[in-house]
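Enquirer:
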Amino acid sequence: MPVSVGMLIWYLGTALELVFVVCSVARGSYFKYFFLNLYFILSVLTSVGRFVVFTAYGPGSDQYMYVYYYTDPLLTLALFAVLISLFLRVFEELGFAKHIRLGAGLLLLGTVLFSYAVVAQSSERLSTKFAYELSQNLYFVGLVLTYILWGAVLKLRETRTRVVQFILSLGLYFSAYAASYALMNFADKGSLIQYLSQALGCFLPLSWCITLLRYTEESRIVPARLVAVPR
Amino acid sequence: MSRRLGALVLAMGILVGAMGLKTVFTAHAKGTLVANGPAIPPTPRPSHGQ
Chain D
1 MPVSVGMLIW YLGTALELVF VVCSVARGSY FKYFFLNLYF ILSVLTSVGR FVVFTAYGPG
61 SDQYMYVYYY TDPLLTLALF AVLISLFLRV FEELGFAKHI RLGAGLLLLG TVLFSYAVVA
121 QSSERLSTKF AYELSQNLYF VGLVLTYILW GAVLKLRETR TRVVQFILSL GLYFSAYAAS
181 YALMNFADKG SLIQYLSQAL GCFLPLSWCI TLLRYTEESR IVPARLVAVP R
Chain W
1001 MSRRLGALVL AMGILVGAMG LKTVFTAHAK GTLVANGPAI PPTPRPSHGQ
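Heads up: the protein sequence lines correspond to chains D and W, in order. Count the first sequence with the numbering used here and you get residues 1 to 231, in order. Count the second sequence with the numbering used here and you get residues 1001 to 1050, in order.
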């Protein structure tokens, strides 16, 4: 991949993440959506760290590979926390907070144990393989959780526009990554598909920024318009 | 069934579903799936692939 295009997407994505945090503070929503902000703050810090190593050692170096794959589970964990915080928001009126936290804890523990069980038999460096495996497994858990959350939004007729848009964007983000991953298996090296997964990193902060700027906390959406119903 | 047991069963069900989905997606995969941020991915190595 030509580094210049990749770098451009990297700068843009990091800038959008910063814009989200700034918009969130400016709109007084920082603590209301704390985990969303935390995810982007961690992502920006990670980007800075990765960039330092990238420029010092290059994209093919062991150093960059280790920094990249060790910081990835940290971000995936933060994204998991984002999802759970959205679950708590959707279910807050039903009083399920304690059970959601318990379920999330069990799910995380199960994922960690499963990831460990998979890599335990590996003869390679365990911690590196574990970090990679955990990140992958948490991604797929996040994908399933997002669709369950979307189902809950439809069933409970959630009307808060911001919450609905955040969840929709997250669903698109996860699904698009899965699609780009599938496409990557058919793509040649150096094709445009190579940029797709990187560009998708810009999608989430962009869509969440638009949501924050376009809608207030009081904005409501008609749930019936979210799903097609037979006449 | 108590709510706690329900949370446990649901969590395990989600985990099984997610791992099944992962198996379907990564069965014949060539690359690596990293879904965080816009950073340039490192040059793939065989030891960190599937």
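The beta-carbon is built from N, C-alpha and C at its ideal position, and this holds for glycine as well.
1) Among the residues of its own chain, which have a CB less than 7 Å from the CB of residue 88 of chain D, if the five just before and after it don't count?
2) Whole angstroms is fine: what's the gap from residue 1050 of chain W's alpha carbon to residue 57 of chain D's?
3) In chain W, which residues lie with their C-beta within 8 Å of the C-beta of residue 48 of chain D?
4) State the Cα-Cα distance for the pair residue 175 of chain D and residue 59 of chain D, rounded to the nearest angstrom.
5) Nearest chain D C-beta to residue 1005 of chain W closer than 7 Å, yes or no?
6) Could you check whether the stretch 190-205 of chain D touches the stretch 149-168 of chain D, counting it as contact only if at least three pairs of C-beta atoms, one from each stretch, sit closer than 8 Å?
7) For residue 214 of chain D, name the three-state secondary structure that DSSP assigns.
8) Rounded to the nearest angstrom, how far is the Cβ of residue 40 of chain D from that of residue 21 of chain D, given a contact under 8 Å?
9) Any beta carbon from chain D within less than 7 Å of residue 1027 of chain W's own beta carbon?
10) Are residue 33 of chain D and residue 76 of chain D closer than 7 Å when you measure CB to CB?
11) Taking Cβ to Cβ, would you say residue 238 of chain D is nearer than 7 Å to residue 1011 of chain W?
12) Count the CB pairs spanning the stretch 65-76 of chain D and the stretch 207-217 of chain D that are closer than 8 Å, and state whether there are at least three.
13) For residue 14 of chain D, I'd like the list of residues in its chain whose CB is within less than 7 Å of its CB, leaving aside the five on either flank, ordered along the chain.
14) Given a threshold of 16 other Cβ atoms within 10 Å of its Cβ, counted over all protein chains shown, does residue 192 of chain D qualify as buried or as exposed?
Expert: Looking at the atomic coordinates:
1) For the purposes of this step, residue 88 of chain D is identified with residue 88 of the first sequence, where counting begins at 1. If we look at residue 88 of chain D and ignore the five residues flanking it on each side, its Cβ neighbours are 97, 100.
2) Within the second sequence, residue 1050 of chain W is the residue found at index 50, counting from 1. Within the first sequence, residue 57 of chain D is the residue found at index 57, counting from 1. The predicted model places residue 1050 of chain W with a pLDDT of 41, which falls under 50 and marks its position as unreliable, so this point remains unresolved.
3) In the first sequence, residue 48 of chain D corresponds to position 48, counting from 1. What residue 48 of chain D touches in chain W: nothing, since even the nearest Cβ is about 10 Å away.
4) Residue 175 of chain D sits at position 175 when you count from the first residue of the first sequence. Residue 59 of chain D sits at position 59 when you count from the first residue of the first sequence. In a straight line, the C-alpha of residue 175 of chain D is about 27 Å away from that of residue 59 of chain D.
5) If you number the second sequence from 1, residue 1005 of chain W lands on position 5. For residue 1005 of chain W, no Cβ of chain D is located within less than 7 Å of the residue's own Cβ.
6) no
7) For the purposes of this step, residue 214 of chain D is taken as the residue at position 214 of the first sequence. Correct three-state label for residue 214 of chain D: helix.
8) The sequence position of residue 40 of chain D within the first sequence is 40, counting from 1. The sequence position of residue 21 of chain D within the first sequence is 21, counting from 1. At roughly 5 Å, the Cβ-Cβ gap stays under 8 Å, so residue 40 of chain D and residue 21 of chain D are in contact.
9) Stepping through the second sequence from its first residue, residue 1027 of chain W is reached at position 27. So no, residue 1027 of chain W is outside the interface.
10) What you label residue 33 of chain D is simply residue 33 of the first sequence in a count that begins at 1. What you label residue 76 of chain D is simply residue 76 of the first sequence in a count that begins at 1. Cβ distance not < 7 Å, so residue 33 of chain D and residue 76 of chain D don't count as in contact.
11) The question about residue 238 of chain D has no answer here: the residues shown for chain D are numbered 1 through 231.
12) No, they do not touch.
13) By one-based count along the first sequence, residue 14 of chain D stands at place 14. For residue 14 of chain D, where only same-chain residues beyond five positions count, the Cβ hits under 7 Å are 44, 47.
14) Locating residue 192 of chain D in the first sequence gives position 192, counting from the first residue. Per the 10 Å Cβ criterion, exposed.
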